[in-house]
Every structure is written in structure tokens, then in C-alpha cells.
Amino acid sequence: MPEALPLRLPRRLDALQAETRLRRLRAETFEAATLTLWAHALGTPDDAPAGWLLCHARARRALLWPHALPAAPEHEGAEAELRLAASLPPSADVVSRLWFWERMVARRHWQVTLRGTPARAVALPLWLGYSPNRRGGHRLMVISGLGGDALPTLKNAVLWELRQLAGVPA
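full-length UniProt numbering puts the first residue of the sequence shown at 1, with every later residue one more than the last.
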């Protein structure tokens with residue numbers, strides 16, 4: 001069962017820094033958001049988790065989080081942000097597939113295993129940028145609120161969550 005309040009990773013990129021990075025990607029408007037991902041512990045069964053595999057059922061790839069997760073959920077800050085949190089935890093098959101691809105990309109992860117502990121909800125801070133395209137629609141850019149890195153692998157998950165907020169069937 002999903003937790004009422006997900007653990008929140010700290011937002012390190014402020015609005016001015018995000019605007020600068022998104023303008024370089026040709027975004028005209030932007031907004032703060034959080035995307036709920038599901039953290040699966042990585043490591044050996046006897047030790048504390050060595051890292052976390054952050055998954056979303058509709059993301060092409062998972063993210064690796066090499067640090068400890070926050071100890072308790074943080075309450076909302078003063079900053080207004082879009083909350084993207086409609087997704088249920090991905091199935092065990094999806095998580096296994098995502099972990100397989102992460103291990104294929106980085107051979108050093110072969111010794112690390114996916115632990116059987118329950119997934120934890122984690123709110124990943126993002127910045128979303130929008131720019132009009134030639135066909136009359138809009139282009140979406142997703143960057144991390146942690147360091148400003150572009151996260152195109154989360155674009156499908158963000159679009160799915162936006163459709164859920166708008167009430168549009170998937």
C-alpha cells in the first residue's frame with residue numbers, strides 16, 4: 001500500500017538556475033514539479049542498502065540513487081509545485097527488467113542485487129520546461145531538481161502523470 005507522504009529528496013536547483021538551464025534547451029515557460037518514484041533497495045541481504053533503484057512503471061529506465069534516503073517525509077515547502085503521484089508501484093517484472101538494463105549499462109553493478117524489501121515512495125524534485133513546436137503542440141523538457149541534469153528517460157512517466165491529472169484516458 002502506498003505511503004501517505006512520500007519521502008522527499010531535497011531540491012537543490014532553485015528557480016533561477018532552472019530557468020537558465022531550461023532556456024538553453026529553448027523552453028519558454030517552466031514550473032517546479034515532483035514525480036513519485038518507487039525506491040527498491042540494492043545491496044547484499046545482510047548489509048544496509050548500498051543504493052536505491054528509483055522506478056516508475058512508465059519510465060524507459062530507472063535512476064540509481066547512491067545515497068541514503070531521507071529518514072522521514074518532509075512536509076511541503078512554501079514553493080508551489082506540481083505533484084505527479086498517480087502511479088502505483090511497478091510490478092516485480094518491470095523492476096527486474098529495469099534493474100537488468102542498469103546492470104548491463106554498468107558492469108560494476110553485477111555484484112549488487114535487488115533486495116526483496118518493499119518499495120518506498122520517493123518524491124523526486126523536477127523542473128518541467130515547455131516550448132511550442134511547429135505542429136501547434138508543445139515540447140516538454142524534464143530536468144532534475146537535484147542537479148539540473150536532463151532526464152529524458154522520465155519524459156514518458158511525466159506525460160502519463162500529466163494525463164492522469166487532466167483526466168485524459170491513457
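Using N, Cα and C, we set each Cβ at its ideal position, and we do this for glycine too.
8 Å CB neighbourhood of valine 158 in its chain, flanking five on each side removed: Here residue 158 refers to the residue found at position 158 when the sequence shown is read from its first residue. If we look at valine 158 and ignore the five residues flanking it on each side, its Cβ neighbours are Ala33, Leu35, Leu84, Leu126, Leu128, Leu140, Val142.
Alpha helix (DSSP H) segment containing leucine 37, residue limits: On the sequence shown, position 37 is the one that residue 37 refers to. Going by DSSP, leucine 37 is part of no alpha helix (DSSP H) but of the beta strand (DSSP E) stretching over 29-43.
Beta-carbon proximity list for valine 112, same chain, < 7 Å, skipping 5 on both sides: By one-based count along the sequence shown, residue 112 stands at place 112. Same-chain partners within the cutoff: Leu42, Gly43, Ala50.
Beta bridge counterpart(s) of leucine 64 as assigned by DSSP: One-based indexing of the sequence shown puts residue 64 at position 64. Leucine 64 is bridged to Leu53.
As assigned by DSSP and simplified to three states, the class of leucine 114: What you label residue 114 is simply residue 114 of the sequence shown in a count that begins at 1. Three-state result, leucine 114: strand.
Whole-angstrom distance between histidine 67 and arginine 135, CA atom to CA atom: As a position in the sequence shown, residue 135 is number 135, starting the count at 1. As a position in the sequence shown, residue 67 is number 67, starting the count at 1. One C-alpha to the other measures close to 42 Å.
Beta-carbon proximity list for proline 45, same chain, < 7 Å, skipping 5 on both sides: As a first step, residue 45 must be located in the sequence shown, where it is residue number 45. Residues of the same chain with a CB within less than 7 Å of the CB of proline 45, apart from the 5 flanking positions on each side, are Arg115 in chain order.
Where the alpha helix (DSSP H) through serine 131 begins and ends: Position 131 of the sequence shown, counted from the first residue, corresponds to residue 131. Per DSSP, serine 131 belongs to no alpha helix (DSSP H); it is in the beta strand (DSSP E), 120-132.
Valine 142 in three-state terms, based on DSSP: In the sequence shown, the residue the question calls residue 142 occupies position 142. Judged by DSSP in its simplified three-state form, valine 142 adopts strand.
Simplified DSSP assignment, three categories, for leucine 98: Walking along the sequence shown from the start, residue 98 turns up at place 98. In the structure shown, leucine 98 adopts helical secondary structure according to DSSP, grouped into three states.
Boundaries of the alpha helix (DSSP H) in which leucine 165 is found, first to last residue: By one-based count along the sequence shown, residue 165 stands at place 165. Residue range 155-166 is occupied by the alpha helix (DSSP H) that includes leucine 165.
Span of the alpha helix (DSSP H) around arginine 26: For this step, residue 26 is matched to residue 26 along the sequence shown. Element bounds for arginine 26: n/a, residue is neither H nor E.
For arginine 103, the three-state DSSP class (helix, strand or coil): Taking the sequence shown and counting its residues from 1, one reaches residue 103 at position 103. For arginine 103, the secondary structure class from DSSP, reduced to helix, strand or coil, is helix.
Spatially closest choice to leucine 154 from Ala86, Ala119, Ala80, His56, by CA coordinates: Here residue 154 refers to the residue found at position 154 when the sequence shown is read from its first residue. When Ala86, Ala119, Ala80, His56 are compared, the shortest CA-CA separation from leucine 154 is found for His56.
Proximity below 8 Å, CB of leucine 54 to CB of leucine 124: Taking the first residue of the sequence shown as 1, we reach residue 54 at position 54. Taking the first residue of the sequence shown as 1, we reach residue 124 at position 124. Yes, these two residues count as a Cβ contact at 8 Å.
Sequence-distant residues of its chain with Cβ nearer than 7 Å to arginine 11 (five each side left out): Working through the sequence shown from its first residue, we reach residue 11 at position 11. Contacts found: Pro125, Gly145.
Reference glutamate 31; option with closest CA among Leu82, Thr20, Leu64, Ala150: Within the sequence shown, numbered from 1, the residue matching residue 31 stands at position 31. Of the candidates Leu82, Thr20, Leu64, Ala150, the one whose C-alpha sits nearest the C-alpha of glutamate 31 is Leu82.
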